[in-house]
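In my numbering, the protein residues as written are 341 to 461. Inspection log for the structure reproduced underneath, given as structure tokens.
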């Protein structure tokens, strides 16, 4: 059971740790107000609810921006294996940090708009 993102990242080989730290930094830069947490036993960023999750696997980094995050960027994500709420960035290709940053920014706007909508009611 992980309590922090650092604990999670420390369980991987150094080269994977470096990739995870870069993904983490990309997310943090795109969502400076988000809080880090562990949810589903993987690193999570929260801002007015879950924002994105990420994780490492044997052959790829899993990135989980939810169904809306995948749908909004489906053309750009088409070169990667993806599902309704997730995408896989394989280790044998550069991680698309610019794309991750744009997806995170989209999710930030989405969560803030949803939270603002709830307050108006």
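Even glycine gets a Cβ: it sits at the ideal position worked out from N, Cα and C.
Taking a cut-off of 8 Å for Cβ pairs, the stretch 366 to 380 and the stretch 351 to 358 do not touch, as fewer than three such pairs fall below it. If you check the CB distance, residue 382 and residue 394 come in under 8 Å. Shortest Cα-Cα distance from residue 431 to any of 359, 351, 346 and 342 involves 359. When the beta-carbon positions are compared, residue 392 and residue 447 come within less than 8 Å of each other. At least 8 Å separates the beta-carbon of residue 349 from that of residue 403. Rounded to the nearest whole angstrom, the C-alpha separation of residue 442 and residue 405 is 11 Å.
With a contact defined as Cβ atoms closer than 8 Å, residue 362 and residue 435 qualify at about 7 Å. Of the candidates 420, 421, 428 and 413, the residue whose Cα lies closest to the Cα of residue 401 is 428. Contact annotation: residue 386 and residue 377 have beta-carbon atoms nearer than 8 Å. If only uninterrupted beta strand (DSSP E) runs of at least 3 residues are considered, those enclosed by the stretch 412 to 450 are 427 to 430.
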